[in-house]
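Enquirer: Before we start, here is the structure in question, set down as structure tokens.
Residue numbers (our numbering): 1 to 127.
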């Protein structure tokens, strides 16, 4: 798979994420996709399979009134895309012991995507 193909998939996947289009977003995923969310060096969520990821993505949609992932930089190495990102979201709900509904949440991080058979086979969100 060429880097330009991978870049196109990354951009489309992020566009769907920003538009809350879960069905289209997961169309770019391999059936056996693995997902990990890593915060401060700790795995806070791990999922296996497109169905589990889809269920989680549908739940996450309700957390934000608006959300946007912006790509700062992408580096490719074989079947891996290492993406520096900026995230901004406006909360749709109160977070227990955290920010309140309507508050803006911003963070910088990385998303590491691996590709297999022309689809995203692994996602690591790191913040």
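We put the beta carbon where it would ideally sit given N, CA and C, even for glycine.
Alpha carbon to alpha carbon, what distance is there between residue 91 and residue 39?
Expert: On the chain shown, residue 39 is found 39 positions in, with the first residue counted as 1. On the chain shown, residue 91 is found 91 positions in, with the first residue counted as 1. Using only the alpha carbons, I get a separation of about 19 Å.
Enquirer: Measure the beta-carbon distance from residue 66 to residue 89 and round it to whole angstroms, keeping in mind my assumption that it falls under 8 Å.
Expert: Counted from its first residue, the chain shown places residue 66 at position 66. Counted from its first residue, the chain shown places residue 89 at position 89. The Cβ separation is near 7 Å, so the contact holds.
Enquirer: Work out the CA separation of residue 73 and residue 119 for me, nearest whole Å.
Expert: Here residue 119 refers to the residue found at position 119 of the chain shown. Here residue 73 refers to the residue found at position 73 of the chain shown. C-alpha separation (whole angstroms): 20 Å.
Enquirer: When you compare the CB positions of residue 86 and residue 70, do they come within less than 9 Å of one another, or not?
Expert: Sequence index remark: in the chain shown, residue 86 carries index 86 (1-based). Sequence index remark: in the chain shown, residue 70 carries index 70 (1-based). In contact: residue 86 and residue 70 (Cβ atoms closer than 9 Å).
Enquirer: Can you give me the start and stop residues for the beta strand (DSSP E) that residue 121 sits inside?
Expert: The residue labelled residue 121 in the question sits at position 121 within the chain shown. Element bounds for residue 121: 119-126.
Enquirer: In chain order, what residues of the same chain have a beta carbon less than 7 Å from the beta carbon of residue 24, not counting five sequence neighbours either side?
Expert: The count along the chain shown starts at 1 and reaches residue 24 at position 24. Correct list, in chain order: 16.
Enquirer: Is it the case that the Cβ atoms of residue 59 and residue 35 are separated by a distance below 9 Å?
Expert: Numbered from its first residue, the chain shown carries residue 59 at position 59. Numbered from its first residue, the chain shown carries residue 35 at position 35. No, the pair does not count as a contact, with Cβ atoms beyond the cut-off.
Enquirer: For a cutoff of 9 Å on Cβ pairs, would you count residue 15 as touching chain E?
Expert: Here chain E cannot be found, since the structure has a single protein chain.
Enquirer: Name the residue from 4, 84, 9, 53 whose alpha carbon lies nearest to the alpha carbon of residue 110.
Expert: The residue labelled residue 110 in the question sits at position 110 within the chain shown. Ranking 4, 84, 9, 53 by Cα distance to residue 110 puts 84 first.
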